[in-house]
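Let me begin by presenting the structure, written as structure tokens, before commenting on it.
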Amino acid sequence: MSKDHFKNVAADALPRNAFSDHYPYRGAATWSHCNNPADGKADLLRRGADGNLYRHFGGHSQMMLHALYCKVGAAWNADWTSMRHLARAGDTDGDGTEDLYAIDNTGSLRFFPGDPTETFFRWPRALAPTASWPNTVNMMAVSPDMNGDGGRDLVVRVTGGTLTRISLLSDGSPGNSTDIPTPGAESWSDYNKIVAPGDITGDGTPDLVTRTPAGLLYLYETGPNNTFKPRVQIGWSWNQYDDFTAPGDVNGDGKSDLLARDTNGNMWYYAGLGALNGTAAFATRVQAGYGYPSGETLF
Numbered sequence: 007m008s009k010d011h012f013k014n015v016a017a018d019a020l021p022r023n024a025f026s027d028h029y030p031y032r033g034a035a036t037w038s039h040c041n042n043p044a045d046g047k048a049d050l051l052r053r054g055a056d057g058n059l060y061r062h063f064g065g066h067s068q069m070m071l072h073a074l075y076c077k078v079g080a081a082w083n084a085d086w087t088s089m090r091h092l093a094r095a096g097d098t099d100g101d102g103t104e105d106l107y108a109i110d111n112t113g114s115l116r117f118f119p120g121d122p123t124e125t126f127f128r129w130p131r132a133l134a135p136t137a138s139w140p141n142t143v144n145m146m147a148v149s150p151d152m153n154g155d156g157g158r159d160l161v162v163r164v165t166g167g168t169l170t171r172i173s174l175l176s177d178g179s180p181g182n183s184t185d186i187p188t189p190g191a192e193s194w195s196d197y198n199k200i201v202a203p204g205d206i207t208g209d210g211t212p213d214l215v216t217r218t219p220a221g222l223l224y225l226y227e228t229g230p231n232n233t234f235k236p237r238v239q240i241g242w243s244w245n246q247y248d249d250f251t252a253p254g255d256v257n258g259d260g261k262s263d264l265l266a267r268d269t270n271g272n273m274w275y276y277a278g279l280g281a282l283n284g285t286a287a288f289a290t291r292v293q294a295g296y297g298y299p300s301g302e303t304l305f
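Taken in order, the sequence shown gives residues 7 to 305; the numbers are from the numbering used here.
In structure tokens:
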């Protein structure tokens with residue numbers, strides 16, 4: 007139990023009694039492990055096979071992810087049978103809470119505002135019905151400001167390998183879009199996973215991390231005018247993981263990290279170095295947890 011999980015703290019004065027001229031006080035508070043601590047450490051979100059959305063708190067002293075987790079969305083699979091893609095967006099609408107985006111089978115981009123309590127996400131708002139998206143979009147992420155306009159960007163990959171950056175407006179709705187080519191002979195369709203971890207090299211611009219089916223991990227640093235610099239290989243054997251994600255700064259050191267789940271359900275933590283040291287952008291992995299079912303969506 008931590009002081010960070012106490013909320014609704016209050017004290018009230020009781021009436022004087024005949025035995026004292028002091029006002030006795032009776033304290034009151036409620037406690038919940040779902041009250042997300044404002045500790046500056048990123049958490050893991052997981053959509054379970056039971057259809058619920060769960061938050062796993064980061065920065066735990068022993069295994070980096072706390073053993074306690076809480077439900078922050080009910081029956082997401084049951085209520086969201088049409089949802090194909092999910093992405094964390096940080097605070098897109100400027101209200102101080104983290105938001106989510108999703109794409110459903112009808113092509114609608116849905117925006118889920120975070121609640122100030124950070125114990126659930128509010129009812130979604132449909133933003134942009136796009137008829138081609140249900141069958142063509144096969145990957146989605148949200149990045150910090152890639153084009154210098156001050157807002158976050160939605161990054162989607164479509165069948166055929168086109169990567170598109172879509173500016174997100176202050177109310178969460180999509181703005182202008184731009185296709186971004188690869189800087190080399192490779193194609194964006196060469197990858198089975200693309201994540202947007204933010205700035206992992208310390209140059210002040212957001213980056214992308216990609217994985218090939220063979221398990222090679224590549225870093226793309228943002229270049230000028232909606233381009234990326236040539237890719238740098240920063241890992242191998244990442245095909246041992248059935249999923250990985252970039253939730254943000256998990257340990258609170260100001261650097262973006264990665265979490266990866268192997269096929270045995272073990273969670274592994276890769277601390278960001280904050281710079282590209284040769285071909286290394288993350289520290290040697292340490293175990294962050296266990297018992298995470300294979301096949302569940304991590305983000």
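For every residue, glycine included, the Cβ atom is placed at its ideal position computed from N, Cα and C.
DSSP-derived helix/strand/coil call for W244: Three-state result, W244: helix.
So is N257 buried or exposed if we call it buried at 16+ other beta carbons inside 10 Å? Buried is the call here.
For S173, count neighbouring Cβ atoms within 10 angstroms of its own Cβ and tell me buried if that reaches 16, exposed if not. Burial check for S173: the Cβ neighbour count within 10 Å reaches 16 or more, so the residue is buried.
DSSP has I163 in a bridge; who is on the other side? The sequence shown places Arg at residue 163, rather than the Ile named in the question. Under DSSP, R163 forms a beta bridge with M145, L169.
Is DSSP giving S193 helix, strand or coil here? Here S193 sits in coil by DSSP.
Tell me, please, which residues DSSP counts as bridged to I109. H91, L115.
Beta strand (DSSP E) containing L222: first to last residue? L222 -> no beta strand (DSSP E), and no H or E assigned at all.
If we define contact as Cβ-Cβ less than 8 Å, is D105 a contact residue for chain B? Of the protein chains in the structure, only one exists, and it is not chain B.
For P189, which residues from the same chain have a beta carbon less than 8 Å from its beta carbon, with the 5 sequence-adjacent residues on both sides left out? Leaving aside the five residues that flank P189 on each side, the residues in its chain whose CB is nearer than 8 Å to its CB run, in chain order, Y226, G229, T233, F234, K235, P236, R237.
Whole angstroms is fine: what's the gap from A202's alpha carbon to Y298's? Straight-line measurement puts the Cα of Y298 at about 22 Å from the Cα of A202.
Output the boundary residues of the beta strand (DSSP E) element that contains N257. First-last for N257: undefined, no H or E at that position.
Beta carbon of D255 nearer than 8 Å to that of D249: In terms of Cβ geometry, D255 and D249 do not form a close pair [threshold 8 Å].
Within the same chain, show all residues whose beta-carbon is closer than 7 Å to that of A147, passing over the 5 residues directly before and after it, in chain order. Within the same chain, A93, V161, I200, V201, A202 come within 7 Å of A147 by CB-CB distance, once the 5 residues on both sides are set aside.
First and last residue of the beta strand (DSSP E) that includes T184? 180–186 is the span of the beta strand (DSSP E), which, as asked, contains T184.
Which partner residues of I200 appear in the DSSP bridge assignment? Per DSSP, the beta-bridge partners of I200 are T216.
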